[in-house]
Amino acid sequence: MPQAQPLALVWFRNDLRLDDNPALRAALEAGYTPVPVYIHAPDEHGAWRPGAASDAWRHRSLEALDAQLRKRGSHLRRFFGPSLATLQSLILATDAQAVFWNRRYEPYLEKRDTKIKQALRRMGVAAESFNSALMFEPWTLRTKQGGPFKVFTPFWRSALANWREIGLWQAPASLPDSREGPAGVPLAALKLAPRLDWDGEFWEHWTPGETGAAAAVETFIDGALRGYGVQRDRPDRVGTSRLSPHLHFGEIAPWRVVAGLQAERNAGNAADIDAAVRELGWREFAHHLLHHFPDTPEQNFNPRFVDFDWARVSEPKLEAWQHGRTGVPIVDAGMRELWHTGWMHNRVRMVVASYLTKHLRYHWRHGARWFWDTLVDADLANNSLGWQWVAGTGADAAPYFRVFNPVTQAEKFDPDGAYIARWVPELAPLPASLRHAPWRDPKLLRKVAPDYPPQPLVDLGAGRDAALEAYRRSRG
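Everything in the sequence shown is counted per our numbering, starting at 1 for the first residue and increasing by one.
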């Protein structure tokens, strides 16, 4: 009788796809029968246990991954952590000779994975990890002095100078399967899906999984890519890729996105394609910073802000910001879009973050935590970079004294108030000019939207002045 192929555990994490999956590819090319495994171990994430919206997406993405594996004759085994003990138990139960996985770059998980790799190798098991998430892993690009980059433009210049095309890999149409060892637990046992159906509206806007990611890329290329360089700042239009959750969960490789964009390159769209690839570069920069400066999710990157005079938090005001009841329509529209879809337009993210950290003068961590729990694309690297950038405390950040005026931002990027009318529908009957600042006509506002706040939480001018005064004090 022919001898059965040896087994290798393929440990899925934030790489929930089959195409362009280096760990799966390595197992197959080494002659192993892959045993696909997912281990849910939220306590191993340190202070940043995955948020509720992220869990809701992961539930559906795992379901989609299992469906893709079953179409090929395999299946996904799900377990509830701890990761090392679960892997060791599976190795003993299946006699697996290897464990392959794709790397993650969050500080707690990097340390955990290093310990796991060492422990498995001490067992005599081959343990290898691969890059499935980035075009440039954090340690591959260095300044001329040999240190990490702290400014995006030279980082991206270095990335372009060191660009190497990564070949695409198509998963085979069929995969070998093994029934050795435990079958795992049902998906519901991971308790990722909400008990109450608060995420129901999300799935009118999103299709988690590898197939959904491929469709999102195709939709972007066929639509929003045209004029992307300008349209991406307009929340009233479909002008962005909306790929962030798919990239975060590894449902598509960034190099496959780039390949799809480059295949469409011509003289007329080169600037838009370059702009789209550059936006992917910010994601790379965020992971570069997180790896080299692992305290940035909690601590100000710029030490000058250690003693900054952040305002004492008023819980009613913070809750008003969280739930889109600030009385500033563009801010409220963004926060309500987040609540209903699990996502927010990037330009509006900057506006709502500026309002929280400048006009209210609340520490950026309050915003980062709320986004972490409510965004389907909640990513520790991007979330930390984004909040510190707007707050003026981060690497290559906008200076703190750059205070977005939410009214002029709305007038510029939502000139007809269409975005505001969609997400703050009680203001839709107002003329466009008043949608941006309805307090300018108190009588009409009371008539049209009596329940909408008659004034912003803080006077915009006074809030700006207080922020600038606090900044002056902090500089001595």
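Where is the CB? At the ideal position from N, CA and C, for every residue including glycine.
Here's the rule: buried if 16 or more other CB atoms are within 10 angstroms of the residue's CB, otherwise exposed. What is residue i?
i           : result
residue 162 : exposed
residue 3   : With a pLDDT of only 48 at residue 3, under the threshold of 50, the placement of this residue in the model should not be trusted, and no figure is reported.
residue 386 : buried
residue 1   : In this prediction, residue 1 scores a pLDDT of 34, lower than 50, which makes its location untrustworthy; no coordinate-derived value is stated.
residue 408 : exposed
residue 399 : exposed
residue 358 : buried
residue 123 : exposed
residue 314 : exposed
residue 234 : buried
residue 388 : buried
residue 208 : buried
residue 69  : buried
residue 345 : buried
residue 300 : buried
residue 198 : exposed
residue 174 : exposed
residue 89  : exposed
residue 298 : exposed
residue 164 : exposed
residue 323 : exposed
residue 265 : exposed
residue 159 : buried
Based on the DSSP output, what are the partners of residue i in its beta bridges?
i           : result
residue 102 : 130
residue 38  : 12 and 78
residue 33  : 7
Does the distance from the C-beta atom of residue i to that of residue j stay below 9 Å?
i           : j           : result
residue 364 : residue 353 : yes
residue 20  : residue 252 : yes
residue 78  : residue 189 : yes
residue 278 : residue 379 : no
residue 395 : residue 150 : yes
residue 376 : residue 202 : yes
residue 206 : residue 57  : yes
residue 8   : residue 32  : yes
residue 130 : residue 101 : yes
residue 391 : residue 106 : no
residue 238 : residue 259 : no
residue 98  : residue 27  : yes
residue 192 : residue 59  : yes
residue 263 : residue 232 : no
residue 255 : residue 135 : yes
residue 361 : residue 470 : yes
residue 6   : residue 96  : yes
residue 356 : residue 342 : no
residue 211 : residue 64  : yes
residue 272 : residue 327 : no
residue 194 : residue 52  : yes
residue 121 : residue 83  : no
residue 148 : residue 292 : yes
residue 464 : residue 405 : yes
residue 127 : residue 117 : yes
residue 133 : residue 104 : yes
residue 446 : residue 454 : yes
residue 449 : residue 426 : yes
residue 308 : residue 393 : yes
Closer than 9 Å, CB to CB, is residue i near chain B or not?
i           : result
residue 190 : In the displayed structure, chain B is absent; only one protein chain is listed.
* Asked: Curious, which full-length alpha helix (DSSP H) runs of at least 4 residues does the region 368–397 contain?
  -> Within the region 368–397, the complete alpha helix (DSSP H) segments of 4 residues or longer fall at 380–391, listed in chain order.
* Asked: Can you list, in chain order, the stretches of the alpha helix (DSSP H) that have 4 or more residues and sit fully within the region 253–319?
  -> Taking only runs of at least 4 residues, the alpha helix (DSSP H) segments lying wholly in the region 253–319 are 254–262 and 270–292.
* To do: Tell me the start and end of each unbroken beta strand (DSSP E) in the region 107–185 that is at least 3 residues and wholly inside, in chain order.
  => Counting only runs of 3 or more, we get 126–130.
* Are there three or more Cβ pairs, one per stretch, closer than 8 Å when the region 163–171 is compared with the region 9–24? -> Taking a cut-off of 8 Å for Cβ pairs, the region 163–171 and the region 9–24 touch, as three or more such pairs fall below it.
* Asked: Should the region 237–250 be called in touch with the region 203–222, which here means at least 3 C-beta pairs below 8 Å?
  -> Touching, yes.
* To do: Count the C-beta pairs between the region 6–14 and the region 34–44 that are closer than 8 Å, then say yes if the count reaches three, no if not.
  => Yes, since at least three Cβ pairs between the region 6–14 and the region 34–44 fall closer than 8 Å, the two stretches touch.
* Assess, as a yes-or-no matter, whether the region 79–93 is touched by the region 181–188 under the definition of 3 or more beta carbon pairs within less than 8 Å. => Result yes; three or more Cβ-Cβ pairs closer than 8 Å.
* Count the CB pairs spanning the region 138–153 and the region 283–295 that are closer than 8 Å, and state whether there are at least three. => Touching, per the Cβ criterion.
* the region 408–421 contacting the region 432–441, beta-carbon criterion three pairs below 8 Å -> Enough Cβ pairs lie closer than 8 Å, so yes.
* Contiguous alpha helix (DSSP H) assignments of at least 4 residues, all confined to the region 198–262 -> Taking only runs of at least 4 residues, the alpha helix (DSSP H) segments lying wholly in the region 198–262 are 210–222, 228–231, 244–248 and 254–262.
* Within the region 417–476, note down every full alpha helix (DSSP H) run reaching 4 residues or more, in order along the chain. => As for any alpha helix (DSSP H) of minimum length 4 sitting wholly inside the region 417–476, the runs are 418–423, 432–436, 442–448 and 460–474, ordered along the chain.
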